[in-house]
Amino acid sequence: MDIQIKKGLLDICVLAVIERNDSYGYQIIRDVSSSCVEISESTLYPILKRLEAGSCLTTYSVVHNGRLRKYYRITPIGREKIRGFFEEWEEMKQIHDFILREGKPDE
Amino acid sequence: MNKEKFLAALRRRLKVLPADEAERILAYYREMIEDKVESGWAEEDAVREYGNVSALARKILAENPNRRPRNVGKIVAIVLASVCAVALCVTIGLAEVLKTTTWTRTATGFNHPGDTANYTYKTYDALDGSVDLIRVSAEKKAVVFQPWEKSGIEVRYPTNSYQQYDFSSSGGTVSVVNRDSSGKNLKWAWDDSEAPAITVMLPKDYSGSIEVDTTNSFIKASDFNKVKNMECTTSNSAISVNDFTAQSLSFQTQNAAINLRNVSALEKMEAHTQNAQIGLEKISAPDITLETENALITGTILGKEDEYTISAQTTNAISNLKNRGGGSKRLSVETTNAIISVRFEN
């Protein structure tokens with residue numbers, strides 16, 4: 247897949263996981279990898295950083311077994327971004343259907 | 582490798598990042614490993630998943646272009662702290678002698694004919710104690726490692742009013758940190774004997790590790806055969822190593838060549854550069870990684886081609902190596918827009 251498209255889609259996948267429930271690094275990797283697409287830790291870090299910079303999520307820390315675990319929570323802007331993705335998807339689907347129709351010989 | 586070693590190795594390679602960003606990244610990976618261990622992974626396996634630390638660090642640095650400003654004020658604080666450390670070390674029995682031998686050299690920058698920098702050379706000696714790591718972090722200084730007949734370690738270094746040096750010798754580690762506030766970007770020819778150089782004299786059979794990073798100047802090392810790990814990092818300048826054997830070797834530069842002659846690693850060797858060649862002459866290791874862009878990888882590897890599992894990844898390049906499996910040794914060569922011409926020699 248084109249790398250720019252993939253990058254954008256991964257951002258949405260990560261947001262979608264966090265939208266269901268606040269989550270933390272390893273949990274996000276597992277959820278995205280199992281239901282969407284394989285994602286590595288080194289790929290996830292810049293995604294989280296980008297989403298936080300874009301105010302799509304906020305972070306907080308929780309003490310867990312004597313260490314701090316960083317949790318990510320979606321923001322209203324983050325929810326907007328997911329909604330925007332669905333709208334774009336509708337538009338993309340229409341174009342896709344158009345191409346498909348136009349490409350077919352007359353039936 | 583265990584978690585702490587991995588994080589320490591990663592921390593070293595992320596030194597160029599702003600401190601808070603580096604800490605965030607390290608906390609992220611620490612948390613990730615600890616969560617994996619908690620869900621049943623063995624610590625070593627979790628760390629192994631990350632593969633080569635240098636490659637991971639490069640990926641992280643590529644995603645994050647911010648760089649840490651090199652700060653003279655901080656160095657003053659470190660120097661003060663290390664003076665106290667020296668006093669403590671003397672009482673513990675680790676003898677250090679700060680000898681001052683003074684001679685003056687005038688160095689001229691090739692790209693700045695009117696630019697002369699006067700240096701006074703001094704020496705720092707770490708005589709006693711067994712040393713298992715020498716760490717040199719410099720700016721705009723060549724760093725050269727040479728063997729000598731004595732059993733101690735001597736650092737000969739160029740100093741002037743723009744230089745800050747911080748030396749420490751404790752816990753088996755000798756550390757030299759140089760910061761250069763001259764603000765001049767002198768570009769030295771890669772084999773310039775007039776370049777301001779930090780020369781580290783080591784016993785011929787030095788068996789500890791070496792970590793060196795500098796900027797805009799070359800690194801040279803030759804004639805050692807018991808070194809444990811050596812890591813050399815520089816920028817815009819060459820790394821030249823000859824007649825050298827170590828357990829593992831790692832070389833990183835950009836816009837300059839890596840030249841290795843009669844160099845052998847008992848475990849693993851990697852060389853990474855861009856826009857410059859990797860030249861090999863009679864190198865040997867069971868695990869070799871060579872990577873560059875827009876340049877040539879050429880030379881000879883000791884051994885037989887069929888001993889190696891070879892992965893030759895090239896884009897827009899001509900390579901004489903073909904991918905093959907089934908070897909007990911590993912050779913990975915990667916380049917773009919270039920030529921790979923590597924022969925095997927017995």
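The listed protein sequences correspond, in order, to chains A and B.
Residue numbering for the first sequence follows the working numbering, starting at 247 and increasing by one per position.
Residue numbering for the second sequence follows the working numbering, starting at 582 and increasing by one per position.
The beta carbon of each residue, even a glycine, is placed where N, CA and C say it ideally should be.
Beta carbon proximity, B:W771 to chain A, threshold 8 Å: Any answer about B:W771 is weak, because its pLDDT of 41 lies below 50 and its placement is not dependable; what the coordinates show is given next. No, B:W771 lies away from the interface with chain A (no Cβ there is under 8 Å from its Cβ).
C-alpha distance - B:L871 paired with B:Y609, whole-angstrom precision: 29 Å
Local conformation of B:V618 per DSSP, three classes: Of the three classes helix, strand and coil, the one that applies to B:V618 here is helix, per DSSP.
Where B:D601 sits in the DSSP three-state scheme: helix
CB contact below 8 Å: B:E585 versus chain A: no
Closest by C-alpha distance to A:Y317, when choosing among A:I345, A:K339, A:V309: A:V309
Proximal residues to B:L902 (C-beta, below 7 Å), its chain only, five neighbours per side dropped: I891, A893, V914, I921, V923
Three-state class that DSSP yields for A:K339 in the structure shown: The answer is helix: DSSP assigns A:K339 an H, G or I state.
Under the three-state DSSP convention, the category B:T916 falls into: When DSSP states are grouped into helix, strand and coil, B:T916 belongs to the strand group.
Limits of the unbroken beta strand (DSSP E) element including B:G880: For B:G880, the enclosing beta strand (DSSP E) covers residues 877-883.
Same chain, Cβ closer than 8 Å to B:N583, neighbours up to 5 away in sequence not counted: The residues are E624, E625, V628.
Proximity test, Cβ basis, 8 Å: B:I878 and chain A: By this cut-off, B:I878 is not an interface position.
A:I293 vs A:L256 beta-carbon contact at 8 Å: yes
Cross-chain neighbours of B:M613 in chain C, by beta carbon under 7 Å: The structure shown contains no chain C; the protein chains it does contain are A and B.
Opposing strand residues paired with B:E886 [DSSP bridges]: None; B:E886 has no bridge partner.
Local conformation of B:V844 per DSSP, three classes: strand
Contacting residues, own chain, Cβ-Cβ under 8 Å from B:N927 (five flanking each side not counted): L883, G884, K885
C-beta atoms of B:G753 and B:S718 nearer than 8 Å: The answer is no: Cβ separation not under 8 Å.
Within-8 Å CB hit, A:P322 to chain B: With a threshold of 8 Å between beta carbons, A:P322 makes no contact with chain B.
Reduced DSSP secondary structure (H/G/I, E/B, other) of B:D713: coil
Cutoff 8 Å: A:K327 Cβ touching any chain B Cβ: no
DSSP state of A:F344 mapped onto helix, strand, coil: helix
Contact set for B:I606: own chain, Cβ-Cβ below 7 Å, skip 5 residues either direction: So the list reads L595, I641, once near-sequence residues are dropped.
Contact under 8 Å by Cβ, B:N840 with B:A819: yes
Interface partners of B:E874 on chain A, CB under 8 Å: Ordered by position in chain A, no residue passes the 8 Å Cβ test against B:E874, which lies about 18 Å from the chain.
Rounded separation between B:T704 and B:Y746 - CA only: 11 Å
C-alpha distance - B:L912 paired with B:Q744, whole-angstrom precision: In a straight line, the C-alpha of B:L912 is about 41 Å away from that of B:Q744.
Three-state class that DSSP yields for B:M613 in the structure shown: helix
Complete runs of the beta strand (DSSP E) confined to the region 740-806 of chain B [at least 3 residues]: 744-751, 754-761, 778-784, 790-794
Chain B within 8 Å of A:K339, Cβ atoms only: no
Rounded separation between B:E615 and B:A778 - CA only: 43 Å
Nearest-angstrom beta carbon gap, A:R347 and A:D268 [assumed within contact, 8 Å]: Going by Cβ atoms, the distance from A:D268 to A:R347 rounds to 43 Å, so no, they are not a contact pair.
Burial state of B:S821 (16 or more Cβ within 10 Å): buried
Contact check, B:V634 vs B:F587, beta carbons under 8 Å: At the C-beta level, B:V634 and B:F587 come within 8 Å of one another.
For A:K295, the first and last residue of its enclosing alpha helix (DSSP H): 287-299
Cβ-Cβ separation, B:K849 to B:D824 (assumed contact under 8 Å), whole Å: 19 Å between Cβ atoms; not a contact.
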